[in-house]
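First residue of the sequence shown? That's 13 in the working numbering, and the numbers climb one at a time after it. One structure is given below, encoded as structure tokens.
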Amino acid sequence: MVQYRLLLEYDGTEYHGWQLQPEARTLQGVLEAALATALRHPVRVAAAGRTDAGVHAMGQVVTFRSEHVVEPRELRKSLNALTPPDMAVREVALAADDFDARRHATARVYEYRIWTQPWRSAFWHRFTWHMSRPLDLRAMRLAASVLAGEHDFSAFRASDCDSDSAVRRVFHSGFTEAEGLCVYRIEANAFLKHMVRAIVGTMVEVGTGQRPAETMAETLASRDRSRAGQTAPPQGLVLMAVRYE
């Protein structure tokens, strides 16, 4: 058996998340169906991260095993012919037999985009949270800087998150602005369920003046989800990259 590694890009709008679900269109299901057709045998894939319904990716890493040795460029061509327009295989490569896309990842990078113009964007509406109220980017940057380092992120995890530990190390947390967009970028060794969206929801409350930037440290230290803001909607979130040593 040969192990392959894919770099996958997708628009998650029309999917019920990554993971297989009975009678639901999922990213894993669509990719496995394309692989089964291309390789002529059933395939089970494993991803570096299981994105939620409506969440997108530009740098998802996926592995699978096959009894066939196929030239990577030819396999990429076949898969891109078999997958729908909202999914694209960017790269195909052979992987070491012991490579694990999830366990061997040293960091993951997410971006969350907020459309800050008074009108709804016909172009960006599938990939942004529309916020027509002005945002105080300076205050949001101050709040974002608090998250760098190793912390317990219980205040920003979903109630049904099943991770044993809420401690995560954040390498970068910050905002940029461009062409009507406010972009939050965060890089960490791993993430809790809904962690980025809960952080963004809290940051938006800072940006709209509903809470002072200085309270972000208190919210983080509280480890209490009720002290943080709302969970931001999924469509603004993109898995940008997964890093390995």
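Using N, Cα and C, we set each Cβ at its ideal position, and we do this for glycine too. Since the model is a prediction, treat every value here as computed from it, not as a measurement.
Secondary structure of residue i, DSSP reduced to three states
i: F187; result: strand
i: R239; result: helix
i: V101; result: strand
i: V73; result: strand
i: M207; result: helix
i: A134; result: coil
i: E217; result: helix
i: Q15; result: strand
i: R52; result: coil
i: V212; result: helix
i: E26; result: helix
i: V121; result: strand
i: G161; result: strand
i: R181; result: strand
i: V42; result: helix
i: M252; result: strand
Cβ pair residue i, residue j closer than 9 Å
i: F76; j: Q31; result: no
i: R125; j: L20; result: no
i: T214; j: F168; result: yes
i: H80; j: Q247; result: no
i: E123; j: V216; result: no
i: V182; j: A160; result: yes
i: F187; j: R180; result: no
i: E257; j: H116; result: yes
Integer-rounded CB distance, given that residue j should sit under 8 Å from residue i
i: A119; j: A200; result: 7 Å
i: W127; j: P245; result: Not quite, the Cβ-Cβ distance comes to about 12 Å (not below 8 Å), so this is no contact.
i: V73; j: L87; result: Between L87 and V73 the Cβ distance is about 16 Å, and since that is not below 8 Å, they are no contact.
i: S78; j: M152; result: Not a contact, Cβ separation roughly 46 Å.
i: L51; j: P84; result: That pair is no contact at about 13 Å.
Of the residues the options, the one placed nearest residue i, counting alpha carbons only
i: D23; options: V42, H184, A225; result: V42
i: V57; options: D112, G186, S90; result: D112
i: A202; options: V195, V121, G248; result: V121
i: R235; options: T25, A60, A210; result: A210
i: M143; options: H53, A69, V212; result: V212
i: Q242; options: M207, L18, Y256, A107; result: M207
i: R239; options: A117, A160, F165, F139; result: F165
I'd like to know if the segment 124 to 135 and the segment 168 to 176 are in contact, where contact means that at least 3 CB-CB pairs between them fall below 8 Å.
no
Does the contact criterion of 3 or more C-beta pairs under 8 Å hold for the segment 215 to 225 versus the segment 37 to 46?
no
Can you find at least 3 beta carbon pairs, one from the segment 145 to 155 and one from the segment 83 to 101, that sit closer than 8 Å?
no
Count Cβ pairs between the segment 227 to 234 and the segment 80 to 94 that sit closer than 8 Å; are there 3 or more?
no
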